[in-house]
Amino acid sequence: MRVALAAAVRTLPRAAGLAYEPKFDGHRLVIVRTAEDVVLQARSGRIVTSAFPDLAAAALLLPAATVLDGEVVVWHAGRTDFALVQRRAAATPARAAVLAQSLPASYAAFDVLELAGLDLRARPYERRRALLVDLLMPLGPPLQPVPMTTDPELAATWYETLPASGIEGLVVKRLDQAYPAGRRGWQKLRHTDVRDAAVVGYTGTPRRPLALVLVLPVGDETPLVSSPLTAALRAEVAAEVASRTATGTTTATTTATARPLATVTAIGLGEVPFRPLDPPLTAEVRHTSTRHPPPEVLRLRSDL
C-alpha cells in the first residue's frame with residue numbers, strides 16, 4: 105500500500121482550512137486488520153508484524169477490513185526514543201516478544217484509510233479524522249490518534265515546546281483533502297537545524313565506513329562530508345552496503361580492498377576519497393551552516 109508523503113516547508117503555513125498534527129519521531133507503520141489477522145507494513149512495503157507483537161495484538165480489537173496509517177514510537181523517560189524504535193524494529197521474533205514487555209511500543213495513528221471494508225481514501229481529511237477518533241478513543245493505548253488542532257497559534261506553541269518530548273515538528277494537512285497516496289500532498293515543518301539529506305557516498309571501507317558524503321536539500325548541491333559516524337551508524341551503513349551488494353541494488357564499489365571511485369572536499373581535510381552510492385540513501389542530519397561545522401548524521405531514514 106502506497107502511503108502519503110509530506111513536502112518540507114521552512115515556515116508554518118497559516119491559512120483557513122488547515123489542520124496541524126505533531127510529527128512523532130518513530131517509524132512509519134500501516135496497520136492492516138484483515139478478516140482473520142493483523143499485518144503491519146513499513147513505509148517501504150516490508151512486513152514487520154513479527155517485530156511488534158504487542159501492536160499486532162492490540163490491533164486485533166479493530167474491525168475486520170480496517171487500515172490505519174501512523175507512526176510506531178517507544179516512550180522512555182517522558183519522551184519518544186527513536187533508537188529504541190530501531191531496536192524494536194531490528195529484533196528477531198523471539199527477541200521481539202521479550203522487548204514487547206520491556207520496551208512496549210505505542211502507535212500514533214494519524215489516518216484511517218479503510219474502515220470495516222469501506223475505502224475512505226477519497227473522503228476529506230476532516231471526515232477521516234472524525235472516524236479515526238471515534239474508532240480509537242474507546243480502545244485506548246497503545247493505539248491512539250495523534251493530537252490535532254486547526255488553530256495555528258496552538259500549532260506554533262506545539263512546535264516550540266514539544267521537542268522536549270521527542271516531537272520533531274509538525275505535519276500540516278488540508279481539511280478538505282483526500283488521502284494523497286504515493287505523493288507529497290502534506291506539508292512538514294521540522295526544526296531548522298535538522299533536515300534530511302541525500303547520502304551519495306561514504307568514506308572509509310565498506311566494512312568500516314567512517315563518514316557520509318551528503319547533499320543537502322538547500323544550497324548548490326555541493327557534496328559535504330559529515331562528521332565521523334558513531335559506532336552504531338558505522339555498523340548500520342556497513343550493513344546497508346552489504347545488503348545492496350547481495351541484492352545487486354547499488355553501483356557502489358563494495359569490496360574491502362577496492363579503491364574509492366571519487367573525491368570530495370572536506371572541511372579542514374582537503375580532497376577526501378569516497379565510495380559513491382547509487383541510488384543514494386537518506387539520512388537525517390543536524391547542520392546549522394553550509395560552511396562550518398560539518399553536518400552531524402543523526403540516523404539513516406529508511407522509515408521515510
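Residue numbers (our numbering): 105 to 408. No residue lacks a Cβ here, since even glycine has one placed at the ideal position from N, Cα and C.
Residue pairing by DSSP puts Gly273 in a beta bridge opposite Lys127 and Arg294.
When DSSP states are grouped into helix, strand and coil, Val341 belongs to the helix group. Of Ile151, Arg199, Arg225 and Thr307, the smallest CA-CA separation from Leu381 is found for Thr307. The residue among Leu236, Pro208, Ala212 and Ser210 with its C-alpha nearest the C-alpha of Ala220 is Leu236.
Residue state for Phe186 is assigned as helix, using DSSP reduced to three classes.
Here Glu264 is exposed, its C-beta having fewer than 16 other C-beta atoms within 10 Å. Closest in C-alpha terms to Arg232, from the list Met241, Ala282, Lys127 and Pro267, comes Ala282.
Secondary structure note for Arg403: its beta strand (DSSP E) is the uninterrupted segment Glu400 to Leu404. Counting only unbroken stretches of 3 or more residues, the beta strand (DSSP E) elements lying wholly within the stretch 166 to 219 are 170 to 180 and 209 to 219, in sequence order. Pro246 is positioned such that its CB atom lies closer than 8 angstroms to that of Leu159. The Cβ atoms of Arg137 and Pro157 do not sit closer than 8 angstroms to each other. In terms of Cβ geometry, Gly270 and Asp129 form a close pair [threshold 8 angstroms].
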